[in-house]
Every structure is written in structure tokens, then in C-alpha cells.
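Enquirer:
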Amino acid sequence: MTRNEEAKEAILQRVGQALNGGGVRAPRKHPITDQHYAGRPQTDLDLVSSFQEKLESVGGKVIRAQNLEQAFNELWSICQERGIRNLACSDAPSFRDLTDQAPEGLEILDFPHEQAELLEAEAGLSEAQLGIAETGTLVLDGEQENHRLTSLVPPVHIAFLSSKNIVLHLGEALSRAQQARSFPRTLTFITGPSRTADIELTLVVGVHGPRELVVFLLP
Amino acid sequence: MAIHHLESVFFREKVAEALEDQTLRGALQNATGLFRQRRLAATASLSDWEKLRDQARAIKAETLTHLDHYLPEFVAKAESNGIKVHWARDHQEACQVISQLVSEKQARRIVKSKSMTTEEIGLNHVLETDGAEPIETDLGEWIIQLAGETPSHIIVPAIHKTKAQIADLFVDQLSIEPTQDAEELTKAARRILRHHFAQADMGISGVNFAIAETGSILILENEGNARMSTSLPKVHLAVMGLEKILPRLADLEVFLRLLPRSGTGQHLTSYQSILSGPKRNPDQEGPEELHLLILDNGRSAILAEEITRQSLACIRCGACLNACPVYQQIGGHAYGSVYPGPIGAIITPQLAGLSETKNLPYASSLCGACRDVCPVKIDIPEILLHLRAKSVEAHENGKEAKGFRMWAWINRSRFRFVWAHRLARLGGRIFMKNGQPPQWLQRRAPVLGAWAKHRQVPTLAKRSFREIWKKELSRKQP
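If you're matching them up, the sequences are chains A and B in order.
This note's numbering numbers the first residue of the first sequence as -2 and each following residue consecutively.
This note's numbering numbers the first residue of the second sequence as 16 and each following residue consecutively.
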């Protein structure tokens, strides 16, 4: 037996003995039988406006767009306004061949990225597969899109989200993820920019992750 | 079983030191007050907060009562997801396993995101001895690491340090331009730590929740350093205590509503990463290897009794620290353990044994503020009393026990009772000065001296109630 097997057996034996030594145990039964968890928002909540309000309350920006073309146009002008010189894109299908569309002076960094390139990128672009109205949260699913680094490393994160994909509460987002054929290897929930208050409780955004989160809400 | 860097035997000395430190006490007042306010506002945003707490407690109770089912279920699922699971019976074994993994992977630079469990086992010390370079990347933890100190709060590790102290530290250690601006200090941290993230051979993180049903681990954070540590390096090692399991993915709904509200007063922290395995193919992002170390280190023994079992329901939110009138005055370092505050006062003795920690269960006025704010309704005062009882049992021939036996003997007889009081009254009249026993007596009678140091010694009345009754009041009866 290897050390690891020995340790596993010993620990599981200790756990079993500890639990079986104290008389009769209640039978194993999950306490939430009706799948109704407490604290859910009211069902008549307007999903889109609640999502926007919650996200803005933690410092996220929301821009509504009529269609993909309008969203990209808006995106290009934001990049130009802020002097963003390059944009690291995830591998989502809508972000293929953006180089032709991008304005002059904006370099499109296609997936996969070299690490050094990513660390230098000035903005990152990803989709979000779901939004959560309860908290203004984006849900990014690693099976749909490689999102981990583009949504994290550059100082500005821009995300495209379809309003149709906004769900009411956390529970719904979790159950959607579980309905997928194989449960995603990586599931990332993002609510606003990166933040810290470790120095005298003073709020500072953009400590390790993006200091800015911009969400384009599409129909 | 043990806790690294345990100094709880010096509790009294550390308390005295903390109480003298006005800067520390000012910082604690501000911080704990602010967190209490934010927590109240955040919990008020939910109409059924109490029901949420009940559900969380019920889910934790179910999991812990049947951990012999849920733990193997989680491990089997995690392994089938491609997570390499390691087991460690105690802190030494945990450090050995990690040392070995580090040397196998030839990892030198290791980025760490916040983990209480790695503090408990003293991992950084061991890695440094091995010649590796562990770098804490949570801003607060990094400050503490640079200062060579230990965290003093579960979620705000550098709560005891002022901006000026941190600025001095950065100027001194990192040669930055002097500044007192939190934003500038944070920028410097971002710049330097990015360099470490880019170079790191391995990332080490903690685990907030482990889901049995899907074999996933969840990490909550605000800064993004945990995402960096778990996404960039080729190898990710997560370290968790064996109690972190939840049965279902759906249960997260409850705990994601509870934990940020209780901890920082947020409705949700900026990031949650639900990780269920290493990358499947070279094109995917994420680490090539995902290792998980499951630690016992005294936890399985806590499961045995129902009264102590609830200690393992703790989700490390820190609300009990902010609510505790004792913590508010003495801060985290006085407890001499990585787990401070009311939760530390029950967890530390249970993990490390009472012999070195017997002061901790007494570091409480039993007011119950901790129980009132605990999101999983741990009855901390009940466990404190339980541990006090154990501590007394273990010292049956201690001074205190002898004193109480003498007291009981005196009070069992009317004669002894009356004469003991007469003697005490006489002694009081002769020796007491301004309500205090004189210095020479305090020195010669150390028990009295220790007791009188922080308390007013009560003076006995000139006559007892019985005497007054006999001489005066009884005559007035019809």
C-alpha cells in the first residue's frame, strides 16, 4: 500500500469510527427536499434592469446594444477614446476575424495568446454565457469559451451578454450549468471589477484583475 | 495534530501587550465597527435571512453527520474529473506531501492565494526550508509576509496595520517611492506580484467549498489573485480540511448568499471560481495538473461528539471576530493561533489539544454575540463551556479545584460558614486599604494578587444578614 492509500484508509476509518460511535444517526437525507432555497429575489423582478442596477452598484458598466454590429462599433469607439492599443479576444465564435473590422491603431490579439502578450494586453474581450439578475453577475463557462485569462489579466474586461440569457437568481444559474451534457471544467462568476480593501479598509479597484468591467447587453 | 506557530500559552502576556497598543485598538475599533455595519445592511437586504441560516446549518449538519458518505463520494467524483487527490493525517504529513510534489515538479517560485489551512500546517516555512519561494498574493497576506508577521483576522489579515506602517514597509522592502496613498501602494503590489504570477511554477490555493455531487472545488475572492494562481501556472494544488464538503451543487445557492454578506457585507464577492479538473486538451486554458490535498489534522476527532461536531460547520467568514467584545479589544495576535476570535477559541484547542491552549476557552464573556451572527448558527458559547469543563477535568488537582473543594467544605457546615465569614471580615478590616489588599499581601498570596490585579476586591459588610435579622428585624415581626 502506498503512503497515500494508507493515509486515505486511516482518515476514512477515523471518520467512520467517530460517526458510528455515538449511537443511532439520523438517516441520510438532504434537508432541502423541495429545492427551494431561502433568500431568492421576487419572481416579478425585471431581469435586465435588475442585472444592470446590481452590476452598476459594484462599479461595473453596462451598455445596451441593438445588435452585434452596433456593439462592435461602440466597442471600437470606446477603445479609441481610451487609447486602448490592443485587445485580447477569447475563442468565442463571434470574435473570429475581428482584425478586418477593428479600426486602425487597434491590434486584435487572437486566441491562443502567448503569456507575455496577454500580460501586455490593454483590454480583454469575452462573452458571458449567463447573467444573474439577483446580483449583477456574469457566468462564464469554460466549455463554451476559453475565458479564464482574457477576462482576468488585462486591466479592462469587456464582455458580451445576451439579455435572453439573464436568469433570476444564483440557483437558476447553477442548475443551468448542471444541465449541460458534461459539467464544465471551469465555471467563473464575475461581479464587478477586481477589488481590495486590505489597506486600512480603503476600497481600491483593479488590484490583480481588471479595474474596469464593461458589459455589452445584446438582445 | 497540531497548529503551526502556536503561542496560545502566552495568551495573558499577549493580551496585556495588545491592550497597551493604542494604534492597534484604534484600528480594531474602526475595522470591526465598519464590518458590523456592512454586515447588518447586507443581511437586511434579504427578507428571510434567518431561514437562510437555518438551511445552511441543516445542510452542514447533514454533511458532517454523514461525512463517511459524502467525503468518499466527493473524492471519487473529483478523481474521475482528473483531479489528483492526496491525503494527509496531520500537518507534518501534509507538508511532506507538498514538499515532495514541489520537488517532483521542480517548482521554485510558488504563488499562493489566501488559505487558512496552509497557515495551520505552516506550509510557507517548510517550502522556504526546501529552497522554494512561496509568495502570498492576496494583498493583505502579502503585506503580512513582507512584514514577517502572522494574520490577525480571518478575512482582513493586515487589519492591525496602518497605512503609514504599510507605506514604510513597502519603501523599505520594495524600494518604492514614499507614498501614503492606498491606490499607489496597491498599484505597486500589482506590478510586483504580476511579475511573480508570470514566473510561477506552481499555484497553491485554499478551498471554500467542495461539491460531492460534481467533484468540484469553489474559491471565492475579490482581488483576482486566486484566479491568477489557479489559471497561470502549469500545476495547481488546492489544500482543504476534510470538512469543506457540500452534498449538491445547488447548495451553493445558500452559501453564496451567506458567506459574502457575513464576511465583508457584499452581496457577492467579485469572483467565484468553480474548478472541476485540469485542462482536457492543450488548447484549453488552465493548469495541466490539478492536485488536491485533503487534511485531517485532528478534524475527524471533532466529529465524534455532536456538541463539538458543529465547530466543523464554520465557513470562515470572520463575522464572530467582528462581533466579539473581546476580539475588538485584543485583536487576533493575542490568541496565538492562526484561528483567532471566538471561532479560534473553540477550534484551536480542539485541533491542538487543551494543554497549550487552556486559556482560549476563557477568552470570552459568554455574551453570545458570536452565536447571534454566525451564518451557520454554531453555538460557540456552548462549545466554550464544554471546553472549559474538559479543561477543569484535566486539572482536577489544580489550585482552582483545590480552592473550590475547600469552599465546598466550609459551606457544608453552619459553624464553618459563620466562622469563615467572621475571619474574612476581621482580615478585611485589618488589611484592606481603599478597597484593595496591600501590595505586600498581594505579593505573598499570589492567587489573591492575580485576582485583585484587574478587579475590585469586595469588602464584606460589618454585619451579616443573619446577624442583622436576629438583632433587629425579627423583633419587628408581628
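Just so you know, even glycine gets a beta-carbon here, dropped at the ideal spot from N, CA and C.
How is M243(B) classed by DSSP in three states: helix, strand or coil?
Expert: In the structure shown, M243(B) sits in a helix (DSSP, three-state: H, G or I).
Enquirer: Against chain A, does V269(B) count as a neighbour if the rule is that its beta carbon must be under 7 Å from one of theirs?
Expert: It does: the Cβ of V269(B) has a partner Cβ on chain A nearer than 7 Å.
Enquirer: Provide the residue(s) that pair with Y286(B) in DSSP beta bridges, ordered along the chain.
Expert: Answer is I187(A), E236(B), bridged to Y286(B).
Enquirer: From the DSSP output, in three-state form, read off L381(B) for me.
Expert: In this structure, L381(B) counts as coil in the three-state DSSP scheme.
Enquirer: From the beta carbon of L82(B), is the nearest beta carbon of chain A less than 7 Å away?
Expert: So yes, L82(B) belongs to the interface.
Enquirer: Measure the alpha-carbon distance for L273(B) versus S62(B) and round it to whole angstroms.
Expert: Distance between the alpha carbons of L273(B) and S62(B): 13 Å.
Enquirer: What are the boundary residues of the alpha helix (DSSP H) that K75(B) is part of?
Expert: Start and end: 64 to 80.
Enquirer: Listing by chain order, which chain A residues have their CB less than 8 Å from the CB of D63(B)?
Expert: The contacting residues are A35, G36.
Enquirer: List the whole-angstrom C-beta distance separating F108(A) from F157(A), where the pair is believed to meet the contact cut-off of C-beta under 8 Å.
Expert: Rounded, the Cβ-Cβ distance is 15 Å, inconsistent with contact.
Enquirer: Do M243(B) and F212(B) come within 7 Å of each other at the CB atom, strictly closer than that value?
Expert: Against a cut-off of 7 Å, the Cβ pair of M243(B) and F212(B) comes out as a contact.
Enquirer: From L307(B) to K294(B), what does the alpha carbon distance come to, in whole angstroms?
Expert: Using only the alpha carbons, I get a separation of about 15 Å.
Enquirer: Residues of chain B with CB closer than 7 Å to the CB of D43(A), please, in chain order.
Expert: Here the premise fails: no neighbours, minimum Cβ distance about 17 Å.
Enquirer: Applying a beta-carbon distance threshold of less than 8 Å, which residues of chain B neighbour R192(A)?
Expert: Near R192(A) (Cβ distances below 8 Å), the residues of chain B are N237, E238, S285.
Enquirer: Can you list, in chain order, the residues of its chain whose CB lies under 6 Å from that of L252(B), leaving out five sequence neighbours each side?
Expert: The residues are I219, H306.
Enquirer: Run the CB neighbour count on E108(B), radius 10 Å, all protein chains shown included, and call it buried at 16 or more, exposed below.
Expert: Buried, by the Cβ-count rule.
Enquirer: Find out if the Cβ-Cβ distance for the pair L43(B), G346(B) is shorter than 7 Å.
Expert: It is a contact, given that the beta carbons lie within the stated cut-off.
Enquirer: Near S291(B), what residues of its chain come up, given a Cβ to Cβ distance below 7 Å and the 5 sequence neighbours on each side ignored?
Expert: Excluding positions up to five away in sequence, the list reads N96, T229, G230, S231.
Enquirer: Mind listing, in chain order, the continuous alpha helix (DSSP H) runs of no fewer than 4 residues lying wholly within the stretch 320 to 384 of chain B?
Expert: Correct list: 321 to 324, 334 to 338, 340 to 345, 356 to 367.
Enquirer: Counting contacts by CB-CB distance shorter than 7 Å, is L264(B) in contact with chain A?
Expert: Yes - at least one Cβ of chain A is within 7 Å of the one on L264(B).
Enquirer: Flag this pair as yes or no: are the beta carbons of Y350(B) and I362(B) separated by less than 7 Å?
Expert: No, these two residues do not count as a Cβ contact at 7 Å.
Enquirer: Could you check whether the Cβ of K373(B) sits closer than 7 Å to any Cβ belonging to chain A?
Expert: Chain A, which has no Cβ nearer than 7 Å to the Cβ of K373(B), makes this no.
Enquirer: Give me the Cα-Cα distance between R0(A) and V117(B), rounded to the nearest whole angstrom.
Expert: Each residue's Cα considered, the two are about 17 Å apart.
Enquirer: Alpha carbon to alpha carbon, what distance is there between E408(B) and P302(B)?
Expert: Those two C-alpha atoms are separated by around 51 Å.
Enquirer: Distance check for R11(A) and E151(B), CA to CA, integer angstroms please.
Expert: The alpha-carbon atoms of E151(B) and R11(A) are separated by roughly 33 Å.
Enquirer: Pull up the DSSP beta-bridge partners for A253(B), would you.
Expert: The partner list for A253(B) (beta bridge, DSSP) reads S220(B), L307(B).
Enquirer: Curious, which full-length alpha helix (DSSP H) runs of at least 4 residues does the stretch 87 to 153 of chain A contain?
Expert: Complete alpha helix (DSSP H) runs here, min 4: 112 to 117.
Enquirer: Within the same chain, show all residues whose beta-carbon is closer than 7 Å to that of L86(B), passing over the 5 residues directly before and after it, in chain order.
Expert: Around L86(B): L257, I260.
Enquirer: List, in order along the chain, the chain A residues whose C-beta lies closer than 8 Å to that of Q70(B)?
Expert: Those are P28, I29, Y34, A35, listed as they occur along chain A.
Enquirer: By the three-class DSSP mapping on this structure, what secondary structure does A460(B) have?
Expert: Here A460(B) sits in coil by DSSP.
Enquirer: Do you know whose CA, among P357(B), P149(B), R263(B), lies nearest F89(B)'s CA?
Expert: Of the listed residues, the one whose Cα sits closest to F89(B) is R263(B).
Enquirer: Since N240(B) contacts H205(A) with CB under 8 Å, what's their CB separation in whole angstroms?
Expert: Indeed, because the Cβ distance is near 5 Å, the residues count as touching under 8 Å.
Enquirer: Restricting to Cα atoms, I'd like to know which of A62(A), V45(A), I155(A), H33(A) is closest to L67(B).
Expert: Considering only alpha carbons, the answer is H33(A).
Enquirer: Considering only heavy atoms of the ligand FAD, does any lie closer than 6 Å to the CB of G359(B)?
Expert: The ligand FAD is not among the ligands present in this structure, which contains no ligands whatsoever.
Enquirer: Using a Cβ-Cβ distance cut-off of 7 Å, determine whether K178(B) contacts chain A.
Expert: Yes, K178(B) lies at the interface with chain A (some Cβ there is under 7 Å from its Cβ).
Enquirer: Within the 7 Å Cβ cut-off, does V201(A) reach chain B?
Expert: Taking Cβ atoms only, chain B reaches closer than 7 Å to V201(A), which makes this a yes.
Enquirer: Measuring only between beta-carbons, confirm whether H205(A) sits less than 7 Å from chain B.
Expert: It does: the Cβ of H205(A) has a partner Cβ on chain B nearer than 7 Å.
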